[in-house]
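The block underneath contains the structure these notes are about, expressed in structure tokens.
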Amino acid sequence: MPYHLRRWQPGDELSLVKYANNYQIWRNVRDSFPHPYTLDDAHHWIELCEMEKRPTVFAIDVEGEAVGGVGIILQKDVFRKNAEIGYWLAEPFWGRGIMAEAVKEMTEYTFRHYEVHRLYAGVFEYNRASMRVLEKAGYQFETVLRQSVCKEDKIWDEHVYVKFREETKNPDKV
Numbered sequence: 094m095p096y097h098l099r100r101w102q103p104g105d106e107l108s109l110v111k112y113a114n115n116y117q118i119w120r121n122v123r124d125s126f127p128h129p130y131t132l133d134d135a136h137h138w139i140e141l142c143e144m145e146k147r148p149t150v151f152a153i154d155v156e157g158e159a160v161g162g163v164g165i166i167l168q169k170d171v172f173r174k175n176a177e178i179g180y181w182l183a184e185p186f187w188g189r190g191i192m193a194e195a196v197k198e199m200t201e202y203t204f205r206h207y208e209v210h211r212l213y214a215g216v217f218e219y220n221r222a223s224m225r226v227l228e229k230a231g232y233q234f235e236t237v238l239r240q241s242v243c244k245e246d247k248i249w250d251e252h253v254y255v256k257f258r259e260e261t262k263n264p265d266k267v
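Residue numbers for the sequence shown follow the working numbering, so the first one is 94 and each next one is one higher.
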């Protein structure tokens, strides 16, 4: 199924509420992702995205409708060469290969437009589908952070996947 990445824009609010207001999505993302997902939440999100001069988040568009999102969180201080990648996709579009391709595209975009050396993603231990997405997108399993996340008042392991900028070498490293 063809898709493309584009900026979030006014007019995406109704599809955001339609697709993001889903427990099956919320259980796999951070608690800062609202649930229930309201029209006010959607308006706030679009406003935030419009303020970005150089985008770090994109809508996943299928046939003119925003059905998910993918983006990065640039890190700071000694972690400034790192970014965390995150994503979600509307449940009716799961299992079609869209997410792995969108993650690949976002990864390439990040390495082209930002001085990031390391992209990483943390996945809740029960989200095997997301682990497969990352593997298909060329990420490698790095580690398990044992009992490091709390979701729905339960403690879970976080599986960390990573992808490095390929052409970067550190000549000073011994």
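Quick reminder that beta carbons are idealized off the backbone N, C-alpha and C, glycines included.
Q. Hey, is residue 150 close to the ligand GDP, as in C-beta under 7 Å from one of its heavy atoms?
A. Of the ligands one can find in the structure shown there are none, so the ligand GDP has no counterpart to examine.
Q. Just the Cα atoms here: how many angstroms apart are residue 226 and residue 133?
A. 30 Å
Q.
So, under 8 Å CB-CB, residue 130 and residue 113 are touching, yes? Tell me the CB distance rounded to an integer number of Å.
A. 4 Å
Q: From the DSSP output, in three-state form, read off residue 99 for me.
A: strand
Q) Once you ignore the five residues that flank residue 264 on each side, which residues in its own chain have a CB closer than 7 Å to its CB? A) Here residue 264 scores only 48 on pLDDT, less than 50, and its place in the model is too uncertain to base an answer on.
(Q) Going by DSSP, what residue range makes up the beta strand (DSSP E) through residue 125? (A) Taken as a continuous stretch (DSSP letters only), residue 125 belongs to no beta strand (DSSP E), as it is neither H nor E.
Q. According to DSSP, is residue 233 helix, strand or coil?
A. strand
Q: Output the distance between the C-alpha atoms of residue 233 and residue 253, rounded to the nearest integer angstrom.
A: 9 Å
Q.
Taking its Cβ as the centre, do 16 or more other Cβ atoms sit within 10 Å of residue 201, making it buried, or is it exposed?
A. exposed
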